[in-house]
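Colleague: Quick note on numbering: this note's numbering labels position 52 of the sequence shown as 487, and the sequence is numbered without any gaps.
Glycine included, every Cβ here is placed at the ideal spot set by N, Cα and C.
These numbers come from a predicted model, not from an experiment.
First the structure, which I've put down as structure tokens, then a few questions once you've had a look.
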Amino acid sequence: MPDMSASLALTNLVPLAKEVDENKVTPGVLGFIVFAVMALAVWGLMKSMNKHMQKVAFKEAPDTEAEPGTTGNSGAGRD
């Protein structure tokens, strides 16, 4: 019997498909909902990232082992 209900569903949907203009394609309500959920997810991730980035300290601690006047390149750029 499952085949019978599937065929009945298809016969009921075929006339609806013929009413749709074949040259016009729209995403519909489902497409809008998916896009809105994705936009909210990106907004939430950006907000969270901004909160975490504000906690980061970008200043480096001074190197106590380096000699005064040296840049710490250890010979980089010399020939």
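On the DSSP letters alone, give me the boundaries of the alpha helix (DSSP H) that Phe467 sits inside.
Modeller: In the sequence shown, the residue the question calls residue 467 occupies position 32. Element bounds for Phe467: 463–489.
Colleague: In whole angstroms, what is the alpha-carbon distance linking Ala471 and Met484?
Modeller: Position 36 of the sequence shown, counted from the first residue, corresponds to residue 471. Position 49 of the sequence shown, counted from the first residue, corresponds to residue 484. When rounded, the distance between both Cα atoms is 20 Å.
Colleague: Taking the C-alpha atoms as reference points, what is the distance between Leu465 and Asp498?
Modeller: To locate residue 465, count along the sequence shown from 1; it is residue 30. To locate residue 498, count along the sequence shown from 1; it is residue 63. Rounded to the nearest angstrom, the two C-alpha atoms are 57 Å apart.
Colleague: Does DSSP put Ala496 in a helix, in a strand, or in coil?
Modeller: Here residue 496 is taken as the residue at index 61 of the sequence shown, counted from 1. Coil, per DSSP.
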